[in-house]
Amino acid sequence: METLGLFLLASLIVGASKGGLASAGALAVPILSIWMDPLMAAGALLPIFIISDAMGVWLYRKEFSRKNVLLLIPAGLGGVILATFLAPYVSSTYAELAAGLIGLFYCGHALHKKLRGQDPVAPFDPIKGVLWGIITGITSFISHTGAPPFQSFVQPQKLPSLQYAGTNTLVFAAINLFKLPAYSAVGLFAKIHVPTVLAMAVVASMGAVLGRWLVQWLPQQVFTLVIQLLLFVVSSYLVIKALGHLID
501 METLGLFLLA SLIVGASKGG LASAGALAVP ILSIWMDPLM AAGALLPIFI ISDAMGVWLY
561 RKEFSRKNVL LLIPAGLGGV ILATFLAPYV SSTYAELAAG LIGLFYCGHA LHKKLRGQDP
621 VAPFDPIKGV LWGIITGITS FISHTGAPPF QSFVQPQKLP SLQYAGTNTL VFAAINLFKL
681 PAYSAVGLFA KIHVPTVLAM AVVASMGAVL GRWLVQWLPQ QVFTLVIQLL LFVVSSYLVI
741 KALGHLID
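Here's what the structure looks like:
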């Protein structure tokens, strides 16, 4: 029951992230890692990510930034392809450390600008977008932690809440589909328990609706603050966890 509870909690969080609470999904693998190998946890959650993606894409089918989606999806695919070849040589520890440091850097930079009273809207920059998109694909492939690099590029553009959430949902829906053949090839789906997956899918769908409701009713400033706080928590956890493994 304890194990099932962890699976269902992780599924609810994944669903909420697809409903619009971007970066919350990065907490799911660490939660399951309490009980199982992180790589196996990533494999167990990918079907739930994909099922939740379908729900999220439907919820946000009319609300997303077209230019960001058209740029970040191909860049994310490039990152997934790179990660497929790099995975045997780059451990998840270093990927988590990199993702965490990127997120903390963005949070620190955003706080610095806010304290100085300088927090202008950043223009859409295709060159930076390709770079961040590739990094998003790499870190998402290895440990489902693509949120920090994604947010580092999209958050400064200050999109409306629903448009930001829709962009996040569509981009990661595509990246998760790109990951499916590679995860299958390395045997990460071998120990999946179908009844558990079905229960997780139901809970994740409920989480997606809950996430959408929260995004729709949270004021823009509150939404931005929630996203940044989630990013800070996730990034801090990733850095602490990675440093702990490196020290050991």
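Add 500 to the 1-based position in the sequence shown for my numbering, that's all there is to it. Backbone N, C-alpha and C define an ideal beta-carbon position, used for all residues, glycine too.
Checklist entry - Ordered along the chain, which non-local residues of its own chain (more than five positions away) have a Cβ less than 8 angstroms from that of residue 705? => result Numbered from its first residue, the sequence shown carries residue 705 at position 205. Here the set comprises 515, 551, 552, 555.
Next on the checklist: Give the list of continuous alpha helix (DSSP H) stretches no shorter than 4 residues that lie fully inside the segment 617 to 685.
Outcome noted: 626 to 643, 647 to 654, 661 to 685
Checklist entry - What are the boundary residues of the alpha helix (DSSP H) that includes residue 585? => result One-based indexing of the sequence shown puts residue 585 at position 85. Here the alpha helix (DSSP H) through residue 585 covers 566 to 586.
Checklist entry - Considering only the beta carbon of each residue, do residue 531 and residue 524 sit closer than 7 angstroms? => result Looking up residue 531 in the sequence shown gives position 31. Looking up residue 524 in the sequence shown gives position 24. No, the Cβ-Cβ distance between residue 531 and residue 524 is not below 7 angstroms.
Checklist entry - Nearest to residue 672 by alpha carbon, out of 509, 566, 504, 572? => result For this step, residue 672 is matched to residue 172 along the sequence shown. When each option's Cα is compared against that of residue 672, the closest is 572.
Checklist entry - With a CB to CB cut of under 6 angstroms and the five nearest residues on each side skipped, what residues in its chain are close to residue 656? => result Here the question's residue 656 lines up with position 156 in the sequence shown. Closer than 6 angstroms at the Cβ level, and outside the excluded window around residue 656, lie 622.
Item to check | Cβ neighbour criterion (16 or more within 10 Å) applied to residue 749 | outcome: This structure gives no information on residue 749, because the portion of the chain shown stretches from 501 to 748.
Item to check | Identity of the residue in 597, 716, 506 nearest residue 559 by Cα | outcome: Taking the first residue of the sequence shown as 1, we reach residue 559 at position 59. If we check each option's Cα against that of residue 559, 716 comes out closest.
Item to check | Per-residue DSSP class, three states only, for residue 515 | outcome: Here residue 515 is taken as the residue at index 15 of the sequence shown, counted from 1. DSSP places residue 515 in helix when its eight states are reduced to three.
Next on the checklist: Quick test of your reading: residue 666 and residue 596, contact by CB under 8 angstroms. State the CB separation rounded to the nearest angstrom.
Outcome noted: Counting from one through the sequence shown, the residue named residue 666 turns up at place 166. Counting from one through the sequence shown, the residue named residue 596 turns up at place 96. Not quite, the Cβ-Cβ distance comes to about 27 angstroms (not below 8 angstroms), so this is no contact.
Checklist entry - Around the C-beta of residue 744, are 16 or more other C-beta atoms found within 10 angstroms, so that it is buried, or is it exposed? => result Here residue 744 refers to the residue found at position 244 when the sequence shown is read from its first residue. By the 10 Å Cβ count, residue 744 comes out exposed.
Item to check | residue 520 - containing alpha helix (DSSP H), residue span | outcome: In the sequence shown, the residue the question calls residue 520 occupies position 20. No alpha helix (DSSP H) holds residue 520; DSSP gives it neither H nor E.
Checklist entry - Counting pairs of Cβ atoms below 8 angstroms between the segment 594 to 612 and the segment 646 to 661, do you hit three or more? => result yes
Item to check | Residue from 505, 549, 519 with nearest C-alpha to residue 674 | outcome: Numbered from its first residue, the sequence shown carries residue 674 at position 174. Of the candidates 505, 549, 519, the one whose C-alpha sits nearest the C-alpha of residue 674 is 549.
Item to check | Check whether residue 636 and residue 576 have beta carbons under 7 angstroms apart | outcome: One-based indexing of the sequence shown puts residue 636 at position 136. One-based indexing of the sequence shown puts residue 576 at position 76. In this structure, residue 576 lies closer than 7 angstroms to residue 636 by Cβ.
Item to check | Cβ neighbour criterion (16 or more within 10 Å) applied to residue 730 | outcome: Numbered from its first residue, the sequence shown carries residue 730 at position 230. The residue is buried, with at least 16 neighbouring Cβ atoms inside 10 Å.
Next on the checklist: Can you tell me whether residue 591 is helix, strand or coil according to DSSP?
Outcome noted: Sequence index remark: in the sequence shown, residue 591 carries index 91 (1-based). Residue 591: coil per DSSP, three-state reduction.
Checklist entry - Would you call the CB atoms of residue 470 and residue 517 closer than 7 angstroms? => result A query on residue 470 cannot be resolved here, the shown segment of the chain reaching from 501 to 748 and no further.
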